């Protein structure tokens with residue numbers, strides 16, 4: 001079995017994530033969102049940063065207008081966080097990750113006072129009420145009328161975990177103001193939920209994030225017991241395997257590209273919780289131990305990240321429309337030129353009006 005070096009895994013992840021200029025195979029916003037199985041979008045800005053780093057000529061309207069038209073949606077899914085998804089993926093991924101969301105809710109102190117309520121009970125109260133998208137305050141007030149013995153804060157928390165409520169526009173649109181309003185995903189899209197094809201999801205995950213282990217796919221999705229799925233695909237000759245430097249078995253899609261160790265990886269500024277950083281149990285391929293500790297630091301792991309030569313090399317933040325970088329070490333002259341060019345690229349994006 002072929003052993004893949006850490007450097008090969010680093011470069012391959014960047015290739016699969018469409019982050020290497022000149023070697024991108026996905027070129028439109030909908031196809032990129034589909035390829036990545038969604039974009040982490042807990043905050044508004046990160047999905048725009050993610051797409052601008054992956055699509056040549058990206059303009060914020062390319063995402064914002066599609067969110068406004070319902071061609072892409074914002075929904076709580078993997079890792080219990082909001083993602084920008086295609087409608088097809090929204091209708092299959094939410095049900096697939098729901099058991100993981102239920103487990104998270106059962107251990108959340110805020111949700112616990114409402115845990116005894118059945119999902120059907122909650123939905124029965126809200127189906128008629130959410131005939132149009134409504135803010136969480138109104139949803140909480142309606143639930144408090146139906147369940148007066150349960151704290152309203154618990155009701156508002158548990159309903160987002162239990163019910164497939166998407167965040168309707170203008171939430172997530174480029175530089176648009178307005179509070180979060182919620183709607184039932186199937187009603188908003190005019191289509192029913194479908195059962196996930198887990199084998200197909202595994203193949204898609206590996207195409208975008210592989211080679212990877214079952215533990216990696218669980219880290220990305222929070223869905224457990226994926227080992228048998230990957231094993232079955234391998235036995236059916238639908239997957240190939242490699243090993244890493246630690247002897248772990250890595251699954252992959254046959255024919256998927258592997259990077260040469262000499263591949264040049266660009267300086268890149270990515271937003272909070274980019275897919276690149278949160279989709280593997282072992283983050284060695286993009287973040288050495290010391291860099292991870294610096295990333296966690298006082299920011300608690302919520303800082304925007306700067307990557308140099310494929311590895312986490314600093315933090316950055318937006319201040320008054322400027323990208324302010326904080327390298328972990330003194331860059332070389334060549335690296336500094338790359339940082340300056342990347343800062344200019346991101347600031348050009350930030351300057352685009354709404």
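Residue numbers (UniProt numbering): 1 to 354.
Glycine is no exception: its CB is placed at the ideal position from the N, C-alpha and C atoms.
Predicted, not measured: the structure shown is a model, and the values here were computed from it.
Please confirm if the stretch 31-47 is in contact with the stretch 81-100, defined as three or more CB-CB distances below 8 Å between the two stretches. yes
Quickly, what does DSSP pair residue 307 with across the bridge? List them, please. Against the chain shown, residue 307 aligns to sequence position 307. Answer by DSSP bridge pairing, in chain order: 268, 312.
Residues in its own chain within less than 8 Å of residue 232 by CB, not counting five upstream and five downstream? As a first step, residue 232 must be located in the chain shown, where it is residue number 232. For residue 232, where only same-chain residues beyond five positions count, the Cβ hits under 8 Å are 199.
Three-state secondary structure assigned by DSSP to residue 184: By 1-based counting over the chain shown, the position of residue 184 is 184. Of the three classes helix, strand and coil, the one that applies to residue 184 here is strand, per DSSP.
Test item: CB-CB of residue 173 and residue 68 under 7 Å: Taking the first residue of the chain shown as position 1, residue 173 is located at position 173. Taking the first residue of the chain shown as position 1, residue 68 is located at position 68. Yes, they are a contact pair.
Could you round the C-beta distance between residue 182 and residue 279 to whole angstroms and report it? I think they count as a contact, below 8 Å. Your numbering for residue 182 matches position 182 in the chain shown. Your numbering for residue 279 matches position 279 in the chain shown. Contact between residue 182 and residue 279 fails: their C-beta atoms lie close to 27 Å from each other, not under 8 Å.
Assigned exposure category for residue 306 - 16 Cβ within 10 Å defines buried: On the chain shown, position 306 is the one that residue 306 refers to. Flag for residue 306 reads buried.
Quick check on DSSP: helix, strand or coil for residue 69? Here residue 69 refers to the residue found at position 69 of the chain shown. Residue state, collapsed to three classes: helix.
Take residue 166 as the anchor and find which of 184, 352, 136 has the nearest alpha-carbon. Taking the chain shown and counting its residues from 1, one reaches residue 166 at position 166. Closest by alpha carbon: 184.
Which of helix, strand or coil DSSP assigns to residue 336: As a first step, residue 336 must be located in the chain shown, where it is residue number 336. Three-state result, residue 336: helix.
Which value, in whole angstroms, describes the spacing of the CA atoms of residue 32 and residue 333? As a first step, residue 32 is located in the chain shown; it is residue number 32 there, counting from the start. As a first step, residue 333 is located in the chain shown; it is residue number 333 there, counting from the start. Between residue 32 and residue 333, the C-alpha separation is close to 33 Å.
CB residue 15 to CB residue 257, shorter than 7 Å? Against the chain shown, residue 15 aligns to sequence position 15. Against the chain shown, residue 257 aligns to sequence position 257. Their beta carbons are under 7 Å apart, which means residue 15 touches residue 257 by this criterion.
Going by DSSP, what residue range makes up the alpha helix (DSSP H) through residue 35? Working through the chain shown from its first residue, we reach residue 35 at position 35. That run of the alpha helix (DSSP H) goes 29-35.
Write down the C-beta distance between residue 4 and residue 250 rounded to the nearest angstrom, noting that I regard them as a contact closer than 8 Å. Residue 4 sits at position 4 when you count from the first residue of the chain shown. Residue 250 sits at position 250 when you count from the first residue of the chain shown. Residue 4 to residue 250, Cβ: 7 Å. Contact.
Per DSSP, cross-strand counterpart(s) of residue 251: As a position in the chain shown, residue 251 is number 251, starting the count at 1. Residue 251 is bridged to 212, 241.
Tell me whether residue 114 sits in a helix, a strand or coil according to DSSP, three-state version. On the chain shown, residue 114 is found 114 positions in, with the first residue counted as 1. Helix, per DSSP.
On the three-state DSSP scale, how would you describe residue 195? Locating residue 195 in the chain shown gives position 195, where the first residue counts as 1. Looking at residue 195 - three-state DSSP - the assignment turns out to be coil, as it is neither helix nor strand.
CB residue 8 to CB residue 261, shorter than 7 Å? Indexing the chain shown from 1 puts residue 8 at position 8. Indexing the chain shown from 1 puts residue 261 at position 261. The answer is yes: Cβ separation under 7 Å.
Whether residue 314 touches residue 325 by CB criterion (7 Å): Position 314 of the chain shown holds residue 314. Position 325 of the chain shown holds residue 325. A contact, by the Cβ cut-off of 7 Å.
Cα-Cα, which of 23, 135, 93 is closest to residue 201? Mapped onto the chain shown, residue 201 falls at position 201. The shortest Cα separation from residue 201 among 23, 135, 93 belongs to 93.
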